[in-house]
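In our numbering, the protein residues as written are 12 to 432. Positions of the beta carbon are idealized from the N, C-alpha and C atoms, including for glycine.
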Amino acid sequence: MSFASLGLAPALLDAVAAIGYDTPTAIQSAAIPAALQGRDVLGAAQTGSGKTAAFALPMLHALLARQGTRRGLHGLVLVPTRELAAQVGDAIRALVQHLPSTIKVSIVFGGVSINPQMMALRGGTDIIVATPGRLLDLARHNAIKLEGTATLVLDEADKLLDMGFADEIAQVLALLPAKRQNLFFSATFPPAVQALATALLREPVRTEVNDEAAHEPDIAQRAIEVDAARRTQLLKHLIKEHQWKQVLVFVATKYASEHVADKLRRGGVAAETFHGDFSQGARTEVLADFKAGRMNVLVATDVAARGIDIAQLPVVVNYDLPRAAADYTHRIGRTGRAGASGAAVSFITPDAEAHFRLIEKRQGKRVPRERIAGFEPTESAQPASATASAGSPAGDPNGGIKGKRKSKKDKLREAAAKAPA
Ligand code: AMP
12 MSFASLGLAP ALLDAVAAIG YDTPTAIQSA AIPAALQGRD VLGAAQTGSG KTAAFALPML
72 HALLARQGTR RGLHGLVLVP TRELAAQVGD AIRALVQHLP STIKVSIVFG GVSINPQMMA
132 LRGGTDIIVA TPGRLLDLAR HNAIKLEGTA TLVLDEADKL LDMGFADEIA QVLALLPAKR
192 QNLFFSATFP PAVQALATAL LREPVRTEVN DEAAHEPDIA QRAIEVDAAR RTQLLKHLIK
252 EHQWKQVLVF VATKYASEHV ADKLRRGGVA AETFHGDFSQ GARTEVLADF KAGRMNVLVA
312 TDVAARGIDI AQLPVVVNYD LPRAAADYTH RIGRTGRAGA SGAAVSFITP DAEAHFRLIE
372 KRQGKRVPRE RIAGFEPTES AQPASATASA GSPAGDPNGG IKGKRKSKKD KLREAAAKAP
432 A
């Protein structure tokens, strides 16, 4: 299939060629003709699938066609993070650069001063790429009028919901005209994402051509059974044995990130923490150190790790399993990027086994359990809910005498201490 066969305006074909795209990706071949007809689209797509151009090209096509007639906002793209807002906005601007008409693309996100964004929106905009909270603020300040929106795009809908934007999305929807086109993209489809898609979309064209066949990240998943108290030792052992130079380790809490990084440092491993308390400046600095190889291990929480994009990260370790199955996909997607191969290693404590089975079910893939000599688990699962303890803080890596069983009372006490607030 060629771009010319998709029905795009000649100016867009020139722009696509100028950017260097030869052939459409699977999601582009499926979504573009449908979107050009005004249909809603439901796309199962990962980063790297070419989804940005899949929704941007039809919007630009419509904008070229309307030149000189209607003005006002045409396309609203909702994204979960500032990093994605910048990335998507820049990708659309790169296309616009090669077009004969002026099309204004605005990028807005929270965490920075609102005034420059209000100034930039003066005189209107054609396409706005926004995180939900900031968009609502701008709408409240009358800096943007959403009632003329022709096309709504939800990009990375699963992440939008994971990050707790359900309310903001509902508020944005209330400001949009009922008659509009909806383009919905998500890497995973847990029930909440499916429910949102069902509520939003009218007879969508489904593009579940998972582009993964072509671009499937080559991620070897491993699940190693180990007692909670032995995880840091096991991590040190794996780092030494495999000579891992760059490992992203996920833990459940800020406390755990500090605890694990501290133990690693004391064991002679160059490790740093990465959690939500960091300022933007500190985040950037730690990431730069990690990318430059000045440290080998970054111990991160989920919130902090969103938006981390490190080319060819070789290993991701789930020290604690993520609470939401969708996060598992996001976490392991940090490795094996851009065609590189990667490994995702999950530590499965006896209590986390049931939760990991759920994760396997969600991703439709079994991961064989392994045991490493010297680190075989000696505990058994606690009677309390296994999922509740899946995101428990790190246990004392040096505690727990091997072979000594804890009393039932001890276990209950621990479970209570570990239970998430
Ligand atoms: P995305 O999934 O939209 O983030 O795109 C992933 C990467 O693929 C970006 O660097 C795009 O520039 C690139 N890309 C998108 N569409 C094509 C295409 N048809 N041919 C080659 N590269 C593409």
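query = For Val27, which residues of its own chain have a beta-carbon under 7 Å away from its beta-carbon, when the five flanking residues on both sides are left out?
reply = If you number the sequence shown from 1, residue 27 lands on position 16. These residues qualify, in order along the chain: Phe14.
ask   = Taking C-alpha atoms, which residue in Gly121, Thr136, Ala354 lies nearest to Gln257?
value = If you number the sequence shown from 1, residue 257 lands on position 246. Out of Gly121, Thr136, Ala354, Ala354 has the C-alpha closest to the C-alpha of Gln257.
request  = Keeping to the same chain, check which residues put their C-beta closer than 6 Å to that of Glu236; ignore five residues upstream and five downstream.
outcome  = Stepping through the sequence shown from its first residue, residue 236 is reached at position 225. Cβ neighbours of Glu236 beyond the five flanking positions: Ile359, Arg380, Arg382, Pro388.
message = What does the alpha-carbon distance come out to for the pair Ile38 and Gly144?
response = Residue mapping note: residue 38 aligns to position 27 of the sequence shown, counting from 1. Residue mapping note: residue 144 aligns to position 133 of the sequence shown, counting from 1. So the alpha carbons of these two residues sit roughly 28 Å apart.
query = In chain order, what residues of the same chain have a beta carbon less than 8 Å from the beta carbon of Glu371, not counting five sequence neighbours either side?
reply = Numbered from its first residue, the sequence shown carries residue 371 at position 360. Here the set comprises Arg377, Val378.
query = For Asp169, is the beta carbon positioned less than 7 Å from some heavy atom of the ligand AMP?
reply = Here residue 169 is taken as the residue at index 158 of the sequence shown, counted from 1. False, no ligand heavy atom lies under 7 Å from that Cβ.
message = Quick check: the Cα distance between Glu219 and Phe66, rounded to an integer number of angstroms?
response = Along the sequence shown, read from residue 1 onward, the residue named residue 219 stands at position 208. Along the sequence shown, read from residue 1 onward, the residue named residue 66 stands at position 55. Cα to Cα, the separation comes out at about 15 Å.
inquiry  = One question on the structure: do Leu171 and Phe195 come within less than 8 Å of each other, judged by their Cβ atoms?
reply    = Here residue 171 refers to the residue found at position 160 of the sequence shown. Here residue 195 refers to the residue found at position 184 of the sequence shown. No, the Cβ-Cβ distance between Leu171 and Phe195 is not below 8 Å.
ask   = Tell me which same chain residues have a C-beta within less than 6 Å of the C-beta of Asn329, skipping the five on either side of it?
value = If you number the sequence shown from 1, residue 329 lands on position 318. Cβ within range, chain order: Phe261, Ser357.
task = Pick out the complete beta strand (DSSP E) segments inside the stretch 241-312, 3 residues or longer, and give them in chain order.
result = 258-261, 282-285, 308-311
message = Classify Asn153: buried if its beta carbon has 16 or more other beta carbons within 10 angstroms, exposed otherwise.
response = Looking up residue 153 in the sequence shown gives position 142. By the neighbour-count rule (16 or more Cβ atoms within 10 Å), Asn153 is not buried but exposed.
message = Going by DSSP, what residue range makes up the beta strand (DSSP E) through Phe195?
response = Start at 1 with the first residue of the sequence shown, and residue 195 comes out as number 184. 192-197 is the span of the beta strand (DSSP E), which, as asked, contains Phe195.
key: Arg368: first and last residue of the uninterrupted alpha helix (DSSP H) it sits in   = Within the sequence shown, residue 368 is the residue found at index 357, counting from 1. From DSSP, the alpha helix (DSSP H) with Arg368 extends over 364-374.
ask   = With C-beta atoms as the reference, is Ala22 less than 8 Å away from Pro111?
value = Within the sequence shown, residue 22 is the residue found at index 11, counting from 1. Within the sequence shown, residue 111 is the residue found at index 100, counting from 1. Going by C-beta atoms, Ala22 is nearer than 8 Å to Pro111.
query = Taking the alpha-carbon positions, what's the Pro333 to Ala311 distance?
reply = Locating residue 333 in the sequence shown gives position 322, counting from the first residue. Locating residue 311 in the sequence shown gives position 300, counting from the first residue. Pro333 and Ala311: Cα-Cα distance of roughly 12 Å.
query = Does the beta carbon of Ser13 fall short of 7 Å from some heavy atom of the ligand AMP?
reply = On the sequence shown, residue 13 is found 2 positions in, with the first residue counted as 1. No, since every heavy atom of the ligand AMP falls outside the 7 Å radius drawn around the Cβ of Ser13.
query = For Ser268, does the count of other Cβ atoms within 10 angstroms reach 16, so buried, or fall short, so exposed?
reply = Taking the first residue of the sequence shown as position 1, residue 268 is located at position 257. By the neighbour-count rule (16 or more Cβ atoms within 10 Å), Ser268 is buried.
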